[in-house]
Amino acid sequence: MDFAIENSDNGDFIRCPCIKCKNLAFYHSRTVRDHLFFKGFDESYTIWTWHGETEPSMTKIDISDQVDPQNMYLNQGEAVNMINDAYKHFDDDPKAFKSLLEDAEKLLYPSSQKYTRLGALVKLYNLKGKYGWSDTSFSDLLSLLVDMLPENNTLPRVSQWQKKDGSKEKYRKGVPAKVLWYFPLIPRFKRLFQSPQTANDLTWHANEREVDGKLRHPADSPAWKLVDDKWPSFASESRNLRLALFADGIYPHSSLSSTYNCWPVVLITYNLPPWLCMKRKFMMLSLLLFRPQQPGNDIDVFLAPLIEDLQSLWAIGVEAYDAYRKEFFNLRAILLWTINDFPAYGNLSGCMTKGYYTFPTCGEDITPCRLSHSKKNAYMGHKRFLLKNHEFRFQKKAFNNEVEERDPPKLLTGHDVGEQYWIYLLVRHQLDVMHIEKNVCESIYGTSLNILGKTKDGLKSRMDLGPLKIRDKLAPDFSNKNHIKLPPASYTLTREEKKMFCECLRSIKVLDGYSSNMKNPLSLKECKL
1 MDFAIENSDN GDFIRCPCIK CKNLAFYHSR TVRDHLFFKG FDESYTIWTW
51 HGETEPSMTK IDISDQVDPQ NMYLNQGEAV NMINDAYKHF DDDPKAFKSL
101 LEDAEKLLYP SSQKYTRLGA LVKLYNLKGK YGWSDTSFSD LLSLLVDMLP
151 ENNTLPRVSQ WQKKDGSKEK YRKGVPAKVL WYFPLIPRFK RLFQSPQTAN
201 DLTWHANERE VDGKLRHPAD SPAWKLVDDK WPSFASESRN LRLALFADGI
251 YPHSSLSSTY NCWPVVLITY NLPPWLCMKR KFMMLSLLLF RPQQPGNDID
301 VFLAPLIEDL QSLWAIGVEA YDAYRKEFFN LRAILLWTIN DFPAYGNLSG
351 CMTKGYYTFP TCGEDITPCR LSHSKKNAYM GHKRFLLKNH EFRFQKKAFN
401 NEVEERDPPK LLTGHDVGEQ YWIYLLVRHQ LDVMHIEKNV CESIYGTSLN
451 ILGKTKDGLK SRMDLGPLKI RDKLAPDFSN KNHIKLPPAS YTLTREEKKM
501 FCECLRSIKV LDGYSSNMKN PLSLKECKL
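Structure representation (structure tokens):
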């Protein structure tokens, strides 16, 4: 602090090198001291060019003879030093660096002896950030200054510079407002390795995982090992990320009639140990889609920016700094699979999940059955997946009144849908177990408690048992035309049993955060949830 104050041209007012200000704002030395204490020092600021220290290997810039070097030093010299310090950030875009360097040498107007184009813009942007000017007001100010300055001045009329590629200008097409929010992944992936502890945790699967043949982590699965065998160059770098994508629609207040629909798309990093990879801190929200209706099969349009980043991370990679090993490396990533419910499975994969051929893994080798009374499709043949000598294969009455002798359907391979490795992966899509368990649980208690609208047992389902020739004892009784009787099934509960079940749920006590309070949705009077 003493060194900075001694070399200050403004007395006790100096630039603040804290993490937030980054030398863009002037404050009193006492305020700067507080900023450094509470916010921390910007570690990337290693050469104190703003506080009196000189650059040891400063690039010399040729200055025109018509300009006095002493008058140009404070503006042009500082601008050039800023560009030289930032050169390492433009290694992959030399045209951008060259353009900035030209702006640092270009005079604001032909007779100017104090300001260059870049120097004037830096001063103006400092004022914009200090006083919170909007982009619109700043653009209006620039337009006014262009008219006030002498002719042939180089000041731009708008606050945003357009990226140029040679002689052609590229304009980015705007994203429709209030439809899609995209949060870029690559900067956040690089930021993970800037923490020494997190950088070390991201190699847990290779360095600290116990390998004993038991399935504790995705790294123990055949799908993970296939990636290691198929792409050894990718597997040789333990810091390369292995990801899963989760997507599902959300309705506010669980109301399907709402016109508001939100689709979050989240990426999960499996490099971390099991107790960390599912933590909120490491589950990255990449897309947030707002629409009055479900996106359906059009979701691939909204996934385009995410897929573009994933393709880049797989094919090329990005340079990242490992704070644990204190070195730079090429970071790559692979998408192992997606996680979603069955309808979203069809949207993301492009496969058919409705109608007669509704299971993508089986294709046409499926046994659909149309229930004429319920007007639904039922899918038989689940016993095909059992062992050849399993007793369930030979039980007829307990299932669909048939003996199952067929082999399991042949597993279909994947297709190239945008990623070079997608066709080789063993598991491309996974069903959200918790989501499915929730739906199954609702059907079970809805049927047991005979809740209207949630029970799966009714007249139509009982009538469908006749054509299937199963469970004759549950067939409806039409002897009384005014009152059709449904015989009780093994899962049918009496009034007293329903009350006991509800009282049991009401008395359950669980840890905080485990589940919601069961007393709220429970009605002892009506015996339903």
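Take the sequence shown: its position 349, counted from the start at 1, is 349 in the UniProt record's numbering, and no numbers get skipped.
In this text, a Cβ means the ideal position worked out from N, Cα and C, and glycines have one as well.
- If the five residues before and after G466 are omitted, its C-beta is found closer than 7 Å to the C-beta atoms of A475, all from its own chain and listed in chain order.
- Judged by their CB atoms, C16 and F26 are nearer to each other than the 9 Å cut-off.
- Selection D34, Y182, P295 evaluated against S286 yields Y182 as nearest (Cα-Cα).
- Membership of C369 in the beta strand (DSSP E) is indicated by the continuous run 367-371.
- Nearest neighbour of F478 by Cα position, chosen from M284, Y491, F234, R462, turns out to be R462.
- Here the C-alpha atom of E319 lies approximately 6 Å from the C-alpha atom of F329.
- For L431, the enclosing beta strand (DSSP E) covers residues 429-431.
- Taking a C-beta distance under 9 Å as the contact criterion, N271 and H373 do not qualify as a contact pair.
- Assigned with DSSP and collapsed to three states, M500 falls in helix.
- Annotated as proximal: L449 and C527, with beta-carbon spacing under 9 Å.
- Close CB contacts of V433 within its chain, under the 6 Å cut and outside five residues either way in sequence, are absent.
- A buried status is given to F189, since no fewer than 16 other beta-carbon atoms sit within 10 Å of its beta-carbon.
- Under the criterion of beta carbons closer than 8 Å, L511 and L522 do not qualify as touching, at roughly 19 Å.
- Exclusion of the five residues before and after D298 leaves no residue of its chain whose Cβ lies closer than 7 Å to its Cβ.
- Between L149 and F282, the C-beta spacing is not below 9 Å.
- T338: member of the beta strand (DSSP E) spanning 333-340, first to last residue.
- The beta carbons of Y324 and Q197 sit closer together than 9 Å.
- Spanning the alpha carbons of F394 and P409 requires a straight line of approximately 19 Å.
- Within the same chain, Cβ atoms closer than 8 Å to the Cβ of H28 are found at D12, F13, the five residues on either side in sequence being excluded.
- Assignment of beta-bridge partners to L180 by DSSP yields L289.
- Annotation: the continuous beta strand (DSSP E) that includes D322 extends over 318-322.
- The shortest C-alpha to C-alpha distance from G317 to any of Y379, I186, D147 is the one to I186.
- Distance from the CA atom of N152 to the CA atom of R117, rounded to whole angstroms, is 12 Å.
- Shown here, T269 sits in a strand according to DSSP, grouped into three states.
- The DSSP-derived three-state label of Y27 is strand.
- Cβ-Cβ distances below 6 Å link V158 to S139 in the same chain, with the five nearest sequence neighbours on each side left out; the list follows chain order.
- Looking only at M1, K230, G119, the smallest Cα-Cα distance to A104 is reached by G119.
- Between I334 and W263, the C-beta gap is not smaller than 9 Å, which leaves the two residues out of contact.
- With distances taken between CA atoms, L306 lies nearest to M284 out of D322, M284, N240, T358.
- Residue range 135-148 is occupied by the alpha helix (DSSP H) that includes L145.
- Scanning its chain for C-beta atoms nearer than 6 Å, with the 5 sequence neighbours on each side dropped, one finds around H217 the residues P274, in chain order.
- Around the beta carbon of S195, fewer than 16 other beta carbons lie within 10 angstroms, which makes this residue exposed.
- In the DSSP assignment, K469 falls outside any alpha helix (DSSP H), carrying neither H nor E.
- At the C-beta level, T447 and Y379 stay beyond 9 Å of one another.
- Taking a C-beta distance under 9 Å as the contact criterion, N240 and R332 qualify as a contact pair.
- Contact check for L459 and L486: beta-carbon distance about 7 Å, within the 8 Å limit, so the pair qualifies.
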